[in-house]
Structure formats: C-alpha cells, structure tokens
Amino acid sequence: MVTMSDQVTTIEPMSLAQIAQEHGDGFSEREVVFEVKDLAVEYSGNAAIREVSLDVYKNSVTAFIGPSGCGKSTFIRCFNRMNDLVPGARVHGDVLYRGKDLYAADVDPVEVRRRIGMVFQKPNPFPKSIYDNIAFGPRVLNLKGSLDERVERALRQAALWDEVSNRLKESALGLSGGQQQRLCIARCLAVEPDVILMDEPASALDPISTTRIEDLMHELKRQYTIVIVTHNMQQAARVADMTAFFSVDVAPDGNKRTGILVEYDRTSKIFTTPADKRTEDYVTGRFG
Ligand SMILES: Nc1ncnc2c1ncn2[C@@H]1O[C@H](COP(=O)(O)OP(=O)(O)OP(=O)(O)O)[C@@H](O)[C@H]1O
Ligand SMILES: [Mg+2]
C-alpha cells in the first residue's frame, strides 16, 4: 500500500502526461464488455462506494486509480462476483457482462469466475508443482484437449515458459515473486477466460518484474480484456487505454466516507487535461 506522502514524492507530473500521450494514441472505444450502472457496495450497512457507472471496452486495459480506501478493490471485485464471498458485502445496481446481468439468479458465480479471472496483489500459487498449478483449473473443469499443451500455452502467454520449462515438476513456491505473479497470470489464462482482473498485480515486484507484467498486459489485451487497480500512476499511464479516478467523499460531519467515481476517460485525457479539479490535483501530486 502506498501512502499519500509517497505519492507526492514519486510523481513527476510532466513525465506522466508524456507517458500517457505516448501510450494513449490509437485507442478508439469499441465493443462494450461491461456496463456498470449505478453501482453501490456496502459492508454491513456502511456504503463503501456509490453511484458508479462506467463501461469497460473489449481488448483494452482499463485502470482504476485513487487514494487508499476509495473502493478500488471493492469495485473490481464486483466484476466477477468476488464480493459474494465477502461477509457482510451487498452489491446494488447493475453490472452487465456482454449485455447479461452478472447478478441474475440464473448466473452461476463459479462460471463467472472462470470467464472473468482474477490476479491478486500478492502472488498466491498453490503449494504444488508449477505444472499442477497451471493444470489445476483445466482439470477441475474437465477441459478438453491435451493438458501438456494447455500448460505450455498458458506459460508462454504469461512470458514464463522459457524460465520454467525445465523445472515444471518443481514446487511453484520456489519461484521468485515476479515469476510467481506470472504463474498466477498463467493459471488464470489456462482456463481460457475472457477478462482478466488484476488488483495491484505489480505492487510487490521489483522494477524489472513490473516491466515484464506491464509488457504482458500490452500483449494480452490483443486477446483479452484487462481491468487493473494500481497505485502507480506511471503504470496506469503506460498500460491503460482508459482510466477511472476514484476519490473519497466525506460527509459534512466527517463520519461517513464513501468512494465515488470522479472521472472516467481516455488515459491520455486523465493525465493531460482532466475535466475535474480533483483529478488534476491527484494526478499532479497536489492531492491533500
Ligand atoms: N471485507 C470488508 N469488510 C468491511 N469493510 C471493508 C471490507 N473491504 C473493504 N472495506 C472498506 O471499504 C472501503 C473501501 O476499501 P477498498 O479495499 O475497496 O479500498 P481500496 O481503494 O482498494 O484501498 P487500497 O488502495 O488501500 O487497497 C474502506 O473503507 C474499507 O475499510
Ligand atoms: Mg485495494
């Protein structure tokens, strides 16, 4: 987790705008994969986020940024019904996935999580071999075709194959943190998802591993739709086509704090000419 003072010291506003412009060219809004309408989430009656509406586009990277506690993790968990598993969490409003209500009674949350995979902040490989980690999902789901081929394909897609092809039977726990994170991405890819959700996937990694994950996102978005949460604004500027800035709305009495979506637009716009003063203050490091 990054504190606000860290953010102030690490951000160079000009370079952010440049990065976003260099990477932001050429994105045109396309097919909508998720349509979020008036979403609110509460935990045991306390609103964590409210009135969030946005569209997520196919074959793009969408980033959620904002200060700690503004509800980014809460929000990203709505995209594959992960909040179903959080005690006390209630989701209101609509999340349409390819036009279908993700929260409809006839939708199987397990199938949802296969189609919409998730990678977490801390790599969480199973205490099994590298091979068995990747083969786990296909085995459980009884997916057809050669398992060896599926494992190799997923590891190649996650840019890990060259590093592990001669040690597939070794424990995944022996991999470095950056390799473990790519393993988790490969494990997610092995069940052929449509969307990959990543909640701060590179926050615990060194700059080289971070670059590899970012390169991977550029590569993977050709085939998948990617949604990420990041505290690293350079990262958002480098990888995201669209960026949503969230903030915390504090009630006048100071007691109620609720996450709100302040602005959602092309990344280049968010980092160069945001429409909202709060976004500008945040991306230029004047947040406070
Ligand atoms: N399982 C939970 N039970 C109760 N409250 C929760 C739970 N998870 C999150 N919250 C609350 O919801 C609000 C939003 O939290 P969330 O974790 O979504 O923020 P975030 O933007 O991801 O923060 P960070 O950048 O620190 O990861 C916070 O006030 C938090 O305390
Ligand atoms: Mg979070």
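Numbering-wise (numbering that gives the first Met the number 0), the sequence shown opens with residue 0 and increments by one.
Don't be surprised by glycine CBs; every beta carbon is placed ideally from N, CA and C.
- Here the stretch 45-52 does not lie against the stretch 97-117, with fewer than 3 beta-carbon pairs under 8 Å apart.
- The continuous alpha helix (DSSP H) containing S208 extends over residues P206 to L219.
- The bridge partners DSSP lists for L196 are M117 and V226.
- CA-to-CA, the gap between A16 and K268 works out to about 9 Å.
- In summary, L84 is exposed, with fewer than 16 beta-carbon neighbours lying within 10 Å of its beta-carbon over all protein chains present.
- In this structure, S72 has its beta carbon less than 7 Å from a heavy atom of ligand 2.
- For ligand 1, no non-hydrogen atom lies closer than 7 Å to the CB of R80.
- The beta carbon of H91 sits no closer than 7 Å to any heavy atom of ligand 1.
- Taking a contact as a CB-CB distance under 8 Å, the pair A158 and R211 counts as one, their CB atoms being some 6 Å apart.
- Within the stretch 64-141, complete beta strand (DSSP E) segments of at least 3 residues are found at 88-96 and 115-118, given in chain order.
- In terms of side-chain proximity, the C-beta atom of D37 is found no nearer than 7 Å to any non-hydrogen atom of ligand 2.
- When beta bridges are read from the DSSP output, A243 appears opposite F63 and Y263.
- DSSP places L182 in no beta strand (DSSP E) but in the uninterrupted alpha helix (DSSP H) bounded by G176 to L188.
- For D147, the uninterrupted alpha helix (DSSP H) run begins and ends at L146 to Q156, by DSSP.
- Looking at Y96, E262 and F245, the one whose alpha-carbon comes closest to that of R256 is F245.
- Where A47 is concerned, the enclosing beta strand (DSSP E) starts and stops at N45 to Y56.
- Bridge pairing for D248: T257 [DSSP].
- For F26, the three-state secondary structure derived from DSSP is coil.
- Counting along the chain, A235 sits inside the alpha helix (DSSP H) bounded by residues M232 to V238.
- It is roughly 44 Å from the alpha-carbon of T272 to the alpha-carbon of L172.
- Rounded to whole angstroms, the Cβ separation of L146 and V190 is 12 Å, and the two are not in contact under 8 Å.
- The Cβ neighbour count for N231, taken over all protein chains shown within 10 Å, is at least 16; the residue is labelled buried.
- Note on geometry: alpha-carbon atoms of I184 and V118 lie some 6 Å from one another.
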